[in-house]
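J.: To convert, note that position 173 of the sequence shown is 173 in UniProt numbering; the numbers rise steadily by one, no gaps.
Following this message is one structure expressed as structure tokens.
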Amino acid sequence: MKQFPTKGREKAAIFLVLAANIIVRFIWIGLMHPVQEADFQWYYDHAVELANNQGYNWFGQPTAYWPIGWPLFLSLIFRITGPSVIVGLVVNAILSTVIVWMIYVLTRRLFQNHAYALAASIAYTLLPSQIVWNSVLGSEELFTTLLLISLYLYVRAERFRALSFGVAIAGIVLGFAVDVRPIPLAFPLFVFLYEVMSGQSGTLKARFWPAIARAVTLFVGMLISVLPVTIRNRITMHHWVLVSTNGGTNLFQGIHTNGGYWWSYNPYVNPLLNIHNEVQKNAVGEHAALHYIEHHIGRTIVNGFIKIWDLYKDDLNANWYTFRVSPHVAGWLRPMDAVLTTAYFLFMVPAGIGLIYFWVRRIPGWRQAWLPFAFLLYNTCFFFFFPAWDRFRYPLMPLFAIFAGVGLVSIFREMKSDSLHRE
Numbered sequence: 001m002k003q004f005p006t007k008g009r010e011k012a013a014i015f016l017v018l019a020a021n022i023i024v025r026f027i028w029i030g031l032m033h034p035v036q037e038a039d040f041q042w043y044y045d046h047a048v049e050l051a052n053n054q055g056y057n058w059f060g061q062p063t064a065y066w067p068i069g070w071p072l073f074l075s076l077i078f079r080i081t082g083p084s085v086i087v088g089l090v091v092n093a094i095l096s097t098v099i100v101w102m103i104y105v106l107t108r109r110l111f112q113n114h115a116y117a118l119a120a121s122i123a124y125t126l127l128p129s130q131i132v133w134n135s136v137l138g139s140e141e142l143f144t145t146l147l148l149i150s151l152y153l154y155v156r157a158e159r160f161r162a163l164s165f166g167v168a169i170a171g172i173v174l175g176f177a178v179d180v181r182p183i184p185l186a187f188p189l190f191v192f193l194y195e196v197m198s199g200q201s202g203t204l205k206a207r208f209w210p211a212i213a214r215a216v217t218l219f220v221g222m223l224i225s226v227l228p229v230t231i232r233n234r235i236t237m238h239h240w241v242l243v244s245t246n247g248g249t250n251l252f253q254g255i256h257t258n259g260g261y262w263w264s265y266n267p268y269v270n271p272l273l274n275i276h277n278e279v280q281k282n283a284v285g286e287h288a289a290l291h292y293i294e295h296h297i298g299r300t301i302v303n304g305f306i307k308i309w310d311l312y313k314d315d316l317n318a319n320w321y322t323f324r325v326s327p328h329v330a331g332w333l334r335p336m337d338a339v340l341t342t343a344y345f346l347f348m349v350p351a352g353i354g355l356i357y358f359w360v361r362r363i364p365g366w367r368q369a370w371l372p373f374a375f376l377l378y379n380t381c382f383f384f385f386f387p388a389w390d391r392f393r394y395p396l397m398p399l400f401a402i403f404a405g406v407g408l409v410s411i412f413r414e415m416k417s418d419s420l421h422r423e
């Protein structure tokens, strides 16, 4: 029987995983391509307008309420293919497969271990919600792809140089992710903490200034990618808007909790109700939210933990916009909710074991693995103040997959070791 070299077998294994992903995802969107609703329809409509050189407008006025990154990216595809929801779904299916590839290469880079990397990519592949999401035109896939590429480039950058070109490139890519979703804007602060806490040599004081240099380099790289959007906003809207104008409104909506975007039609409760200028609305929302937080610290803390619970408690949102709006399978909504949430919790078991394992055992690569953990922590803390539900956990699942790979392999090795001892 022909023996394949180890590297050949490794390449064949990940190729099969990627091939399975693209085939299953294409079959899925061929079967399930529902009518787009809410912001998914909004993204499509505005991508079409951008492709037709009609600008980025809302109610006839230039807008930045939703970040321009995803509709702009989609519009570039539409300029080649023509507008089509199916084309957008195909793009997201391809991006999702790239995410699986990035999980593999990032995990391999972190731990220098093919088994961890392959297990991580397989674990993510078997998570059904990540396939169901391909039925809607969300920005999740593009954002997550850019995030993973940025983390990979950062890990590849020379660790012992305070000023690194690789870190700057990672920042530029992360800046493009910010153009899609502004969430990572403050992530360089956590990168600074990561660099200080995970340094391999020298005292804490000696690591301080190199950590600042790398965090600042990352942030400057981000600004390079964000600046064109900011300039566009200044020219068209006559205000300095970094990326989008929905931050203040969302922060205001986060002062209460209802598992979604809280809103009141009582003008005595909601000062944003009759404001139609989105820049003004953003400013008033931010002021009202900060005022509430300042005077209701206890309630804010309680609500913060409720929102984190909302972020992690289930895996339903993809189903809602796929099965509910598809009359021929609408009756499957509740059963599929149970399937996806059960699969999610089964996935999180090895992820949790992997997190504990890499921290306690300090396996090779454990220091660098603090970087994806830093983003997990950062993103979770972000939703302490902003509205949260499972959709906003999407970019975190590939990072949990990294640790799920570690967990699955460690479980297998422990079981194998116990079996040998019994023999």
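Positions of the beta carbon are idealized from the N, C-alpha and C atoms, including for glycine.
Fair warning: this is a prediction, and the values are worked out from it, not measured in the lab.
By the three-class DSSP mapping on this structure, what secondary structure does Q130 have?
T.: Q130 falls in the helix class under three-state DSSP.
J.: DSSP on W58, reduced to helix/strand/coil?
T.: Looking at W58 - three-state DSSP - the assignment turns out to be strand.
J.: As a quick exercise: from R79, I293, V243, L50, pick the residue whose alpha carbon is nearest that of I231.
T.: V243
J.: Who are the Cβ neighbours of Y152 in its own chain at under 7 Å, not counting the five residues just before and after it?
T.: M102, V105, L106, R109
J.: For L396, which residues in the same chain have their Cβ closer than 7 Å to its Cβ, ignoring the five residues on either side in sequence?
T.: L376, N379
J.: Taking the beta carbon of K2 as the centre, do at least 16 other beta carbons fall within 10 Å, making it buried, or is it exposed?
T.: Note on K2: pLDDT 45, under 50, position unreliable in the model; no value is reported.
J.: Counting Cβ pairs, one atom from each stretch, are 3 or more of them under 8 Å apart for the region 389 to 409 and the region 138 to 153?
T.: yes
J.: Check whether the region 208 to 223 touches the region 161 to 178, counting contact only when three or more Cβ pairs, one atom from each stretch, lie closer than 8 Å.
T.: yes
J.: Looking at the secondary structure, which residues open and close the alpha helix (DSSP H) in which P372 lies?
T.: 370 to 382
J.: Distance, Cα to Cα, G331 vs T342?
T.: 19 Å
J.: Apply the 10 Å Cβ neighbour rule to P267 and answer buried if 16 or more other Cβ atoms are within range, or exposed otherwise.
T.: exposed
J.: When every heavy atom of the ligand NAD is checked, does at least one fall within less than 8 Å of the C-beta of G407?
T.: With respect to the ligand NAD, the structure shown offers nothing to examine, as it has no ligands at all.
J.: In whole angstroms, what separates the C-alpha of W133 from that of A318?
T.: If you draw a straight line from the Cα of W133 to the Cα of A318, it is about 5 Å long.
J.: Which residue spans inside the region 33 to 57 form an unbroken alpha helix (DSSP H) run of at least 4?
T.: Listed in chain order, the alpha helix (DSSP H) runs fully inside the region 33 to 57 are 38 to 51, counting runs of at least 4 residues.
J.: With 9 Å as the threshold, decide whether the Cβ of S96 is near any Cβ in chain B.
T.: The structure shown has no chain B; it contains just one protein chain.
J.: May I ask you to report which of helix, strand or coil DSSP gives Y265?
T.: coil
J.: Buried or exposed: where does M197 fall if 16 or more other Cβ atoms within 10 Å of its Cβ makes it buried?
T.: exposed
J.: State the Cα-Cα distance for the pair P71 and L89, rounded to the nearest angstrom.
T.: 13 Å
J.: Starting from the C-beta of R79, find all residues in its chain whose C-beta is less than 6 Å away, skip the five residues before and the five after it, and write them out in chain order.
T.: A51
J.: What is the DSSP secondary structure of P184, counted as helix, strand or coil?
T.: helix
J.: So what does DSSP say about A107, is it helix, strand or coil?
T.: Per the sequence shown, residue 107 should be read as Thr rather than Ala. Reduced to three states, the DSSP call for T107 is helix.
J.: Could you give the distance in angstroms between the alpha-carbon of K7 and the alpha-carbon of Y116?
T.: 15 Å
J.: Can you round the beta-carbon distance between M222 and L174 to whole angstroms, since I take them to be within the 8 Å contact cut?
T.: Indeed they touch by this definition, with Cβ atoms about 5 Å apart.
J.: Indicate the three-state DSSP secondary structure (helix, strand or coil) for K2 in the structure shown.
T.: Note that K2 has pLDDT 45, beneath the 50 cutoff, so the model's placement of it is unreliable and the number below is only indicative. In the structure shown, K2 sits in coil (DSSP, three-state: anything other than H, G, I, E or B).
J.: Which residues in the same chain as V180 place their Cβ atom closer than 8 Å to its Cβ, once the five residues preceding and following it in sequence are excluded?
T.: P67, G69, W70, F73, S139, L142, F143, L146
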